[in-house]
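Student: The sequence shown maps to residues 0 to 276 in numbering that gives the first Met the number 0.
Every residue, glycine too, gets a C-beta built ideally from N, C-alpha and C.
Just passing along the structure, written as structure tokens.
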Amino acid sequence: MDKEMKVLSYDYRMDTVRMIMSGGGGHIGGDMSEMEILMQLYLKEMNISPENQNDPNRDYFILSKGHAVESFYTILGHKGFYDLEDAIARFSHFGSEFIGHPNNVIPGVEMNSGSLGHGLPVAVGLAIAAKMDKRPSRVYVLMGDGELAEGSVWEGAMSGHNYNLDNLCAIVDRNHLQISGNTENVMKQDDQEKRWAAFGWNVIKCDGNDFDALEDAFAKARAHKGDPTVIIADTIKGKGSPIMENKAGWHHHLPNAEEYEQIMKDLEAGKEAAINE
Ligand SMILES: Cc1ncc(C[n+]2csc(CCOP(=O)(O)OP(=O)(O)O)c2C)c(N)n1
Ligand SMILES: [Mg+2]
Numbered sequence: 000m001d002k003e004m005k006v007l008s009y010d011y012r013m014d015t016v017r018m019i020m021s022g023g024g025g026h027i028g029g030d031m032s033e034m035e036i037l038m039q040l041y042l043k044e045m046n047i048s049p050e051n052q053n054d055p056n057r058d059y060f061i062l063s064k065g066h067a068v069e070s071f072y073t074i075l076g077h078k079g080f081y082d083l084e085d086a087i088a089r090f091s092h093f094g095s096e097f098i099g100h101p102n103n104v105i106p107g108v109e110m111n112s113g114s115l116g117h118g119l120p121v122a123v124g125l126a127i128a129a130k131m132d133k134r135p136s137r138v139y140v141l142m143g144d145g146e147l148a149e150g151s152v153w154e155g156a157m158s159g160h161n162y163n164l165d166n167l168c169a170i171v172d173r174n175h176l177q178i179s180g181n182t183e184n185v186m187k188q189d190d191q192e193k194r195w196a197a198f199g200w201n202v203i204k205c206d207g208n209d210f211d212a213l214e215d216a217f218a219k220a221r222a223h224k225g226d227p228t229v230i231i232a233d234t235i236k237g238k239g240s241p242i243m244e245n246k247a248g249w250h251h252h253l254p255n256a257e258e259y260e261q262i263m264k265d266l267e268a269g270k271e272a273a274i275n276e
């Protein structure tokens with residue numbers, strides 16, 4: 000495991016929790032489950048930075064599960080797209096551009112999202128455009144597993160295969176929970192790998208909270224030619240503190256003072272353990 004990244008993941012989680020506290024609410028469970036995926040993309044995998052954000056040859060990322068925006072804003076801040084402490088101070092405050100779903104007036108945000116099911120179809124369009132223009136751009140889109148109940152996801156999946164979009168990589172944050180409970184109770188998807196394969200996609204499964212596993216998965220996706228790739232990334236919703244892990248009630252929740260203290264204590268302890276590993 001990349002030790003430096005693991006240590007950082009605790010700092011980033013603490014920043015994300017502080018942002019949620021400042022804004023008076025946020026999608027904390029999905030923020031915590033996707034943290035390693037976003038960090039691996041922005042710190043290692045993608046060709047994107049404040050310096051090349053307007054270069055058409057850059058890589059593109061869409062947070063289709065737009066509700067889990069706080070960890071995304073945290074990473075863009077750390078990456079230098081804007082001042083993170085300013086974003087934390089103003090998150091969800093009246094008049095702020097840092098609203099509770101991705102807002103494309105913010106540097107680094109490609110698309111407004113939050114209405115689930117729209118990210119993959121738009122990513123397909125971006126990937127087709129890159130191919131038509133012969134640009135080297137790769138397109139990444141992160142979806143929730145609950146989001147896969149949206150029909151438009153599967154129209155995008157059909158199109159990705161139809162246009163042989165091997166410059167497109169979808170990631171599913173497979174945390175087994177959505178807003179109202181377990182995904183299998185709300186809309187069954189136990190044969191998810193077969194579904195994507197039947198739609199003509201290259202399917203990779205990995206531990207989505209493990210940097211080494213993600214690095215390997217992204218490298219395989221990059222090397223695969225002829226089809227788009229989906230990475231089904233197994234994650235833990237609320238990862239980082241036992242009081243929120245795998246609990247549907249933490250999908251959208253503002254920690255009270257006691258919970259906040261406990262979460263920060265758990266994250267500090269996790270960081271300490273990562274340093275001493
Ligand atoms: C079209 C649409 N319907 C409903 C919602 C309300 N909603 C917000 S988050 C969510 C659950 C999403 O679950 P999942 O995709 O698994 O996300 P994660 O577990 O990663 O937070 C729902 C139904 C929405 N944002 N968009
Ligand atoms: Mg989910």
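Taking the continuous alpha helix (DSSP H) assigned at Thr182, which residues delimit it?
Tutor: Note, Thr182: alpha helix (DSSP H), 182-185.
Student: Which of the three DSSP states is assigned to Asp206 in this structure?
Tutor: Strand.
Student: Between Ile170 and Leu147, is the Cβ-Cβ spacing less than 8 Å?
Tutor: Contact: no.
Student: Looking at Leu176 and Ala256, is the spacing between their C-beta atoms short of 8 Å?
Tutor: No, Cβ-Cβ distance for Ala256 and Leu176 is not below 8 Å.
Student: What residue range is occupied by the uninterrupted beta strand (DSSP E) comprising Gly296?
Tutor: Only positions 0 to 276 of the chain appear in the structure, and residue 296 is not among them; the question remains open.
Student: How would you call Asn174, buried or exposed, if buried means at least 16 neighbouring beta carbons within 10 angstroms?
Tutor: By the neighbour-count rule (16 or more Cβ atoms within 10 Å), Asn174 is buried.
Student: Here's the rule: buried if 16 or more other CB atoms are within 10 angstroms of the residue's CB, otherwise exposed. What is Glu69?
Tutor: Flag for Glu69 reads buried.
Student: Which two residues bound the contiguous beta strand (DSSP E) that contains Met34?
Tutor: Per DSSP, Met34 belongs to no beta strand (DSSP E); it is in the alpha helix (DSSP H), 27-39.
Student: Beta-carbon within less than 8 Å of Pro106's beta-carbon, same chain only, minus the 5 sequence neighbours each way: which residues are those?
Tutor: Here the set comprises Pro49, Gln52, Leu75, Phe80, Tyr81.
Student: Taking C-beta to C-beta, are Asp58 and Tyr139 nearer than 8 Å?
Tutor: Yes, the Cβ-Cβ distance between Asp58 and Tyr139 is below 8 Å.
Student: With distances taken between CB atoms, is the gap from Val121 to Ile61 smaller than 8 Å?
Tutor: A contact, by the Cβ cut-off of 8 Å.
Student: Enumerate, from N- to C-terminal direction, the unbroken beta strand (DSSP E) stretches of 3 or more residues contained entirely within the region 204-273.
Tutor: Taking only runs of at least 3 residues, the beta strand (DSSP E) segments lying wholly in the region 204-273 are 228-233.
Student: Less than 7 Å between the CB of Thr282 and some heavy atom of ligand 2, yes or no?
Tutor: There is no way to answer for residue 282, as the model of the chain reaches only from 0 to 276.
Student: Which residue comes first and which comes last in the beta strand (DSSP E) that contains Leu7?
Tutor: Segment 2-22 is the alpha helix (DSSP H) holding Leu7; no beta strand (DSSP E) there.
Student: Quick check: does the Cβ of Asn174 come within less than 7 Å of any heavy atom belonging to ligand 1?
Tutor: Under cutoff, so the answer is yes.
Student: Among all the DSSP beta bridges, which residues are the ones paired with Gly143?
Tutor: For Gly143, which the question treats as bridged, DSSP gives the partners Asp172.
Student: What I want to know is whether the C-beta of Lys64 ends up closer than 7 Å to one or more non-hydrogen atoms of ligand 1.
Tutor: Because some heavy atom of ligand 1 lies under 7 Å away, the Cβ of Lys64 counts as near it: yes.
Student: Tell me which residues share the same chain as Asn201 and place their Cβ nearer than 6 Å to its Cβ, disregarding the 5 neighbours each side in the sequence.
Tutor: If we look at Asn201 and ignore the five residues flanking it on each side, its Cβ neighbours are His223, Asp226, Thr228.
Student: Using the C-alpha atoms, what's the distance from Met34 back to Leu287?
Tutor: This structure gives no information on residue 287, because the portion of the chain shown stretches from 0 to 276.
Student: Within 10 Å of its beta-carbon, does Ile280 have 16 or more other beta-carbons around it, so buried, or fewer, so exposed?
Tutor: A question about residue 280 goes unanswered here, because the residues of the chain that appear run from 0 up to 276.
Student: Below 7 Å, is the gap between the Cβ of Gly28 and the nearest heavy atom of ligand 1?
Tutor: Within the cutoff, so yes.
Student: Could you tell me which residues DSSP puts in a beta bridge with Val138?
Tutor: The partner list for Val138 (beta bridge, DSSP) reads Tyr59, Leu167.
Student: Where does Asn102 fall in DSSP's three states?
Tutor: In the structure shown, Asn102 sits in coil (DSSP, three-state: anything other than H, G, I, E or B).
Student: Could you check where the alpha helix (DSSP H) with Asp85 kicks off and where it finishes?
Tutor: First-last of the alpha helix (DSSP H) with Asp85: 83-89.
Student: Per DSSP, which one or two residues make a beta bridge with Asn201?
Tutor: Paired residues: Thr228.
Student: Based on Cα-Cα distance, which residue from Gly199, Gly116, His66 lies nearest to Asp150?
Tutor: Rather than Asp, the amino acid found at residue 150 in this sequence is Gly. Minimum Cα distance to Gly150 is reached at Gly116.
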